[in-house]
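Note sheet for the following structure.
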Amino acid sequence: MSSPIWKPNESQILNANVTKFISFVNQERGLKLSNYWDLHQFSIDHSDNFWRMCADYCGAVGDFSGPERVGESMVDTQWFPEAKLNFAETMLSRRDEKDAIVFRGENKIELRLSFSDLYLQVAKVQSHMRSCGVGPGDRVAAFLPNHPAAIIGMLATTSIGAIWSSCSPDFGKQGVLDRFGQIEPKMIFVVDGYYYNGKAHDTIERVKSFLDELPSVEKVVMIEYIQTYTGDIENCSTLLEITSNLPDKEVEFKQVPFDHPLYILYSSGTTGAPKCIVHGHGGTLLQHLKEQQLHADIRKDDRVFYFTTCSWMMWNWLVSALASKATVMLYDGSPFYPGAKALWDFAEAEKFTLFGTSAKYIEALQKVGFSPKSGRNLEALRGMASTGSPLSAEGYDFVYSEIKDDLHLASISGGTDIVSCFVLGVPTLPVYRGEIQAPGLGMDVQVWNDEGESVRQERGELICAQSFPSRPVFFWRDEGGQKYYSAYYEHFEGVWAHGDFAEITKNGGVVIYGRSDAVLNPGGVRIGTAEIYRQVDKIEAVLESIVIGQEWKNDVRVVLFVKMREGQELTDSLIQEIKLVIRTECTPRHVPAKILEVGDIPRTKSGKIVEISVRDIVHGLEIKNKESLANPEALEFFKNREELLSI
Numbered sequence: 312m313s314s315p316i317w318k319p320n321e322s323q324i325l326n327a328n329v330t331k332f333i334s335f336v337n338q339e340r341g342l343k344l345s346n347y348w349d350l351h352q353f354s355i356d357h358s359d360n361f362w363r364m365c366a367d368y369c370g371a372v373g374d375f376s377g378p379e380r381v382g383e384s385m386v387d388t389q390w391f392p393e394a395k396l397n398f399a400e401t402m403l404s405r406r407d408e409k410d411a412i413v414f415r416g417e418n419k420i421e422l423r424l425s426f427s428d429l430y431l432q433v434a435k436v437q438s439h440m441r442s443c444g445v446g447p448g449d450r451v452a453a454f455l456p457n458h459p460a461a462i463i464g465m466l467a468t469t470s471i472g473a474i475w476s477s478c479s480p481d482f483g484k485q486g487v488l489d490r491f492g493q494i495e496p497k498m499i500f501v502v503d504g505y506y507y508n509g510k511a512h513d514t515i516e517r518v519k520s521f522l523d524e525l526p527s528v529e530k531v532v533m534i535e536y537i538q539t540y541t542g543d544i545e546n547c548s549t550l551l552e553i554t555s556n557l558p559d560k561e562v563e564f565k566q567v568p569f570d571h572p573l574y575i576l577y578s579s580g581t582t583g584a585p586k587c588i589v590h591g592h593g594g595t596l597l598q599h600l601k602e603q604q605l606h607a608d609i610r611k612d613d614r615v616f617y618f619t620t621c622s623w624m625m626w627n628w629l630v631s632a633l634a635s636k637a638t639v640m641l642y643d644g645s646p647f648y649p650g651a652k653a654l655w656d657f658a659e660a661e662k663f664t665l666f667g668t669s670a671k672y673i674e675a676l677q678k679v680g681f682s683p684k685s686g687r688n689l690e691a692l693r694g695m696a697s698t699g700s701p702l703s704a705e706g707y708d709f710v711y712s713e714i715k716d717d718l719h720l721a722s723i724s725g726g727t728d729i730v731s732c733f734v735l736g737v738p739t740l741p742v743y744r745g746e747i748q749a750p751g752l753g754m755d756v757q758v759w760n761d762e763g764e765s766v767r768q769e770r771g772e773l774i775c776a777q778s779f780p781s782r783p784v785f786f787w788r789d790e791g792g793q794k795y796y797s798a799y800y801e802h803f804e805g806v807w808a809h810g811d812f813a814e815i816t817k818n819g820g821v822v823i824y825g826r827s828d829a830v831l832n833p834g835g836v837r838i839g840t841a842e843i844y845r846q847v848d849k850i851e852a853v854l855e856s857i858v859i860g861q862e863w864k865n866d867v868r869v870v871l872f873v874k875m876r877e878g879q880e881l882t883d884s885l886i887q888e889i890k891l892v893i894r895t896e897c898t899p900r901h902v903p904a905k906i907l908e909v910g911d912i913p914r915t916k917s918g919k920i921v922e923i924s925v926r927d928i929v930h931g932l933e934i935k936n937k938e939s940l941a942n943p944e945a946l947e948f949f950k951n952r953e954e955l956l957s958i
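Each residue of the sequence shown is one higher than the last, beginning at 312 in my numbering.
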């Protein structure tokens, strides 16, 4: 067995929330669970009891009386069918003068809200929304940066029992309409602009253009962020007017069923219109409380940061830290403005206890040679989380050598589909290079081969064999639920197949090799794209890369595209170097048949590279929803490449 790169000490284990939760379960059930793996097995064998205990221990506000679940199969299971609660009530349960939200908009804007301030502002916005006729089940959309206003609007919306759905202001008109046009919002929160790379980007004309094509919108709330709004949008109030002019009030929390819609999130939509994925009050609350308190070890007064936008489910995850009475740290703009130090100066100044980001960001720090620990006091930082794509083993090395050597590093993986994680960190377990530590509590995560057999130390499909509370409630406009069923349950009948190509290791951890639909298949051998990226990342001259399988002579050949560092070029000798590294560290099957240079790599707005879109463009297929991409113009680098027409 390989040696861990980090192990918790005795004090860290003793003081971890999950250790205290094990004692709680033992006391309640008269058991003798001794470690995380015992607890995980209990959470699978007795999942009904487990989720009720999570609600009790983690401080979920609501009436959870009645049965924990009904229904025989995973597909028809209902969790807590008699429960009544409101997501926002747990989120607003703390009301003192300590920081609830600390915000930085690059180096332009700083804001701070106490828990008391947050509650009062939510109450006023809720009052305004009620006066506008917003009620349970109505949709409220948001075209907003990662700003405190988004949290205020979300909590006001969900406190009423209305449904919140957001996207970031870098979306173009069509991208907004592709999403909000499907859900027909009654009210929308918008912004006059945003800052990125030190520049102000005005969005007023774009807002006017998409409002013209959203006839369902009756009222608009404007956030004056860059101060360009001139008051010329019909039926529009500014957030400042609402919070300044209305008297102080109490928030009225509408009690709703466990599965009452809370959020509508969107699939990436690069192969068609994005799917509108609906998540419920109870499932989202319990899953986030469990993940944040028991896996991320978030405690009262912690200061929790995740670099995200309002278009990524990590925003929904981040703001839930309020439910654990922690402070939410928000940053909007470029993470490299005015340099790589931006987020780390913020972390030091505000004493972050958890720093969350994407694997792409960690790799970018490596590429520019920036050491966050140099000249900084990061003593408060106990944990770091990474998601968005698999974190390479070298990424683990970088975190422990250049950020902090006494840190719980958690690579996590799940997604928009469950607004949470299947596999993630455990603060009482050792960390192994390149491995996600463990399946989440209450998540019966397995890897199945093509025959539907559960396997270990063998690659296959990541599945979840039992129901869990944060499954989507339904897809919007999916009469009969056929799209929902086919998205998750058709691959293996009645069992959730997540679409990740994965392996359970001898340590009990998990390695994600990439999306199943992007897996390469040369000569019938399945290869995860992450395996190749890990090797290419070692090549100093290459900034980033993307790999696909090209259909060729009744087989599939591997094609690697690379974006070079400034001042570097893709020479024949460098191509041979790349091939040698891949052949030596992987297998001859992994070696690309072609390595080609491109000017840019297309990504979604949450930073994920889009292998399927590149594969489609190479094969001459139409990309139906370019608006989901942050840089759709990059697809042109892959179109009609003459090099791909020959051996």
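Where is the CB? At the ideal position from N, CA and C, for every residue including glycine.
- With respect to ILE575, ARG450 sits close: the two C-beta atoms are nearer than 8 Å.
- Take LYS484, set aside five residues on each side of it, and the residues of its chain with a beta-carbon closer than 7 Å to its own are ARG517, SER520, PHE521, in chain order.
- SER781 sits in coil when the DSSP states are folded into three classes, being neither helix nor strand.
- Rounded to the nearest angstrom, the gap between the Cα atoms of ASN832 and GLU772 is 15 Å.
- Linking LEU488 to ALA460 through their CA atoms gives a straight-line distance of about 22 Å.
- The DSSP-derived three-state label of LEU633 is helix.
- The beta carbon of ASP643 sits closer than 8 Å to those of PHE414, ARG415, GLY416, GLU417, PRO456, ASN457, HIS458, TYR505, TYR506, THR620, all from its chain and outside the five residues before and after it, given in chain order.
- Counted as a single uninterrupted DSSP element, the beta strand (DSSP E) harbouring SER724 occupies residues 724-726.
- Taking the Cα positions, THR469 is about 29 Å away from CYS775.
- LYS611 counts as exposed, since fewer than 16 other C-beta atoms from the protein chains shown sit within 10 angstroms of its C-beta.
- Runs of the alpha helix (DSSP H) lying entirely within the segment 805-874 and spanning at least 4 residues, in chain order: 840-847.
- For TRP655, same chain residues with a beta-carbon under 7 Å away, outside a window of 5 residues either side, are PRO683, ARG687 in chain order.
- Between ARG693 and GLU661, the CB-CB gap reaches or exceeds 8 Å.
- THR638: member of the beta strand (DSSP E) spanning 638-643, first to last residue.
- Distances from the alpha-carbon of GLU769 to those of GLN748, ILE815, GLU790, GLU804 put ILE815 closest.
- Going by DSSP, HIS590 is part of no alpha helix (DSSP H) but of the beta strand (DSSP E) stretching over 587-591.
- By the neighbour-count criterion, in which a residue is buried when 16 or more other Cβ atoms sit within 10 angstroms of its Cβ, TRP628 is buried.
- Just so you know, the alpha carbons of LEU597 and CYS365 end up roughly 7 Å apart.
- Rounded to whole angstroms, GLU713 and SER427 show a C-alpha spacing of 38 Å.
- Non-local beta-carbon contacts of GLY825 in its own chain, meaning distances under 6 Å to residues more than five positions away in sequence, involve PHE812, GLY839, THR840, ALA841 in chain order.
- Taken through DSSP and simplified to helix, strand or coil, CYS897 comes out as coil.
- Checking the DSSP bridge columns, you'll see LYS905 partnered with VAL870.
- When rounded, the separation of the alpha-carbon atoms in VAL756 and GLN777 is 8 Å.
- Judged by DSSP secondary structure, VAL436 falls within the alpha helix (DSSP H) whose first and last residues are 426-442.
- Cβ-Cβ separation between PHE663 and PHE709: approximately 18 Å, too far for a contact (criterion under 8 Å).
- The alpha-carbon of LEU907 is positioned some 54 Å away from that of PHE391.
- If you ignore the 5 residues before and after TYR648, its C-beta comes within less than 7 Å of the C-beta of GLU417, ASN508, GLY509, all in its own chain and listed in chain order.
- Segment contact: the segment 395-404 against the segment 522-533, fewer than three CB-CB distances shorter than 8 Å; contact not assigned.
- For ALA660, the enclosing alpha helix (DSSP H) begins and ends at 653-661.
- GLU772 is bridged by DSSP to TRP759, PHE812.
- Between THR539 and GLN432, the alpha-carbon positions lie close to 23 Å from each other.
- When DSSP states are grouped into helix, strand and coil, GLY370 belongs to the coil group.
- For GLU954, same chain residues with a beta-carbon under 7 Å away, outside a window of 5 residues either side, are LYS905, LEU907 in chain order.
- The criterion of a C-beta distance shorter than 8 Å is not satisfied by SER731 and LEU702.
- Minimum Cα-Cα distance from LEU676 among the listed residues ASP848, VAL929, ASP927, TRP362 corresponds to ASP848.
- Taking the CA atoms as reference points, GLY446 sits about 26 Å from SER376.
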